[in-house]
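Remarks on the structure that follows.
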Ligand SMILES: [Zn+2]
Ligand SMILES: [Zn+2]
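In this note's numbering, the protein residues as written are 194 to 360.
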């Protein structure tokens with residue numbers, strides 16, 4: 194049961210974070226673009242090391258859906274809920290390691306590919322071209338997220354991004 198709860202925390206958390214935070218931020222807001230997509234800094238730095246309040250706020254808002262899923266499922270299995278949150282945090286660090294020059298071993302890439310799990314090379318794509326590679330942990334959220342972005346594109350705030358940040 195703990196395994197299923199951990200998986201549900203990650204699946205529901207990623208769904209909520211992608212569709213109710215990440216996509217709206219790319220469309221209408223500036224916080225995530227100013228912090229997570231700040232090209233003047235290494236993304237390992239601002240995804241993992243930075244203690245700047247705006248960066249932390251972006252991370253916290255993105256993590257809220259995972260925390261909500263863990264709170265809802267806490268009574269089913271608190272060990273599963275905590276495991277899900279811990280794995281989610283580890284995945285944040287891992288998916289940003291491409292910036293450190295790390296390469297995912299081919300067998301890990303192949304395994305994650307079969308399971309639909311985002312590897313650092315995939316998430317690096319989101320930092321290179323922020324219109325692609327949505328989904329924090331699961332790749333199957335990317336296509337519907339891009340479809341939603343395209344559908345809502347006419348409502349986009351064009352000036353949401355500061356100079357130098359391509360969106
Ligand atoms: Zn990132
Ligand atoms: Zn983004």
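Even for Gly, the Cβ is constructed at its ideal location relative to N, Cα and C.
Is any heavy atom of ligand 2 found at a distance shorter than 7 angstroms from the C-beta of residue i?
i	result
residue 239	no
residue 284	no
residue 316	no
residue 225	yes
residue 365	Summary: the structure shown does not reach residue 365, with the chain confined to residues 194 through 360, and so no result is reported for it.
residue 323	yes
residue 268	no
Would you say the beta carbon of residue i comes nearer than 7 angstroms to a heavy atom of ligand 1?
i	result
residue 236	yes
residue 319	yes
residue 229	yes
residue 289	yes
With residue i and residue j assumed to form a contact (beta carbons below 8 angstroms), what rounded beta-carbon distance in angstroms separates them?
i	j	result
residue 214	residue 246	Not confirmed; about 17 angstroms, so no contact.
residue 228	residue 207	Rounded, the Cβ-Cβ distance is 19 angstroms, inconsistent with contact.
residue 348	residue 220	7 angstroms
residue 291	residue 314	6 angstroms
residue 211	residue 328	6 angstroms
residue 236	residue 284	15 angstroms between Cβ atoms; not a contact.
Subject >> Stretch-stretch touch, CB-based, cutoff 8 angstroms, three pairs: the stretch 265 to 276 with the stretch 325 to 336 >> reply: Contact fails: fewer than three Cβ-Cβ distances are below 8 angstroms.
Original post:
Are three or more beta carbon pairs between the stretch 298 to 313 and the stretch 216 to 230 nearer than 8 angstroms?
Top reply: No, because fewer than three Cβ pairs between the stretch 298 to 313 and the stretch 216 to 230 fall closer than 8 angstroms, the two stretches do not touch.
Original post:
At what residue ranges does the stretch 286 to 339 contain a whole run of the beta strand (DSSP E), taking only runs of 3 or more?
Top reply: Qualifying beta strand (DSSP E) stretches: none in this window.
**OP:** Return the chain-ordered ranges of every alpha helix (DSSP H) run that is complete within the stretch 239 to 291 and spans a minimum of 4 residues.
**Re:** The DSSP assignment places 246 to 266 and 271 to 288 as complete runs of the alpha helix (DSSP H) inside the stretch 239 to 291, in order along the chain (cut-off: 4 residues).
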